[in-house]
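Visitor:
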Amino acid sequence: MKITRNVIDLKENEVFVFGSNLSGRHGAGAAKQAMKFGAKWGKGVGLYGRTYGIPTVNASVTARLSINKINSFIQEFIQFAREHKELQFLVTAIGCGLAGWTPEDIAPLFLEATTLENVSLPREFWKVLNQ
């Protein structure tokens, strides 16, 4: 059970995984913090710098994405993590801020990631997954 640290100070091989929007406007929350680690303005999906964006909000940042759409981005992330074992991925509580989802909604989408040694999940996701 690998838990994402509360205070993120990335080590050399670590990647900050955050909830993004489809337009890549990283202006608040974990997305704003991601800018410090190399997230690119205008790029809302995937690896940039030492960050990986998983969209949870639409391009105009006015509505959350559906669970099915978020899940498709999470599955892409899980496949990416599986292919990049040299990196450690520190997942934040994506979707549980601006998007308005709860850990009960989002955590089950990461169930497959629990088998990967290089993925850490937030404590609130583990609470749901361990029930």
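Numbering (the working numbering), first residue to last: 551 to 681.
All C-beta atoms in this analysis are idealised placements derived from N, C-alpha and C, irrespective of residue type, glycine included.
For S610, does the count of other Cβ atoms within 10 angstroms reach 16, so buried, or fall short, so exposed?
Guide: Exposed, since its Cβ has fewer than 16 Cβ neighbours within 10 Å.
Visitor: Can you grab the Cα-Cα spacing for the pair Q514 / P653, in whole Å?
Guide: Nothing in the structure corresponds to residue 514, since the chain is present only between 551 and 681.
Visitor: Assign A578 to one of two classes, buried (16 or more other C-beta atoms within 10 Å of its C-beta) or exposed (fewer than that).
Guide: Exposed, because fewer than 16 other Cβ atoms sit within 10 Å of the Cβ of A578.
Visitor: Could you pull the start and end residues of the alpha helix (DSSP H) that L496 belongs to?
Guide: Residue 496 lies beyond the stretch modelled for the chain, which goes from 551 to 681, so this question has no answer here.
Visitor: My output table needs one value for S670: the three-state DSSP class, helix, strand or coil.
Guide: The answer is strand: DSSP assigns S670 an E or B state.
Visitor: Do P605 and N563 count as a contact pair if the criterion is CB distance below 8 Å?
Guide: No; because the gap between Cβ atoms is not below 8 Å, this pair is not in contact.
Visitor: Consult DSSP for N556 and reduce its assignment to one of helix, strand or coil.
Guide: Note: N556 maps to coil in three-state DSSP.
Visitor: Quick check: the stretch 653-673 against the stretch 587-605, are there 3 or more CB pairs under 8 Å?
Guide: These segments do not touch.
Visitor: Starting from the Cα of V669, find the closest Cα among G650, A589 and L637 and give me that residue.
Guide: It is L637 whose Cα lies nearest to the Cα of V669.
Visitor: With burial defined as no fewer than 16 other Cβ atoms inside 10 Å of the residue's Cβ, what is the status of T642: buried or exposed?
Guide: By the neighbour-count rule (16 or more Cβ atoms within 10 Å), T642 is buried.
Visitor: Are the beta-carbon atoms of Y597 and N608 separated by less than 8 Å?
Guide: Checking the sequence, you will find Leu at residue 597 rather than Tyr. In this structure, N608 does not lie closer than 8 Å to L597 by Cβ.
Visitor: Hey, how far is the Cα of F660 from the Cα of W676?
Guide: Going from the Cα of F660 to the Cα of W676 covers about 10 Å.
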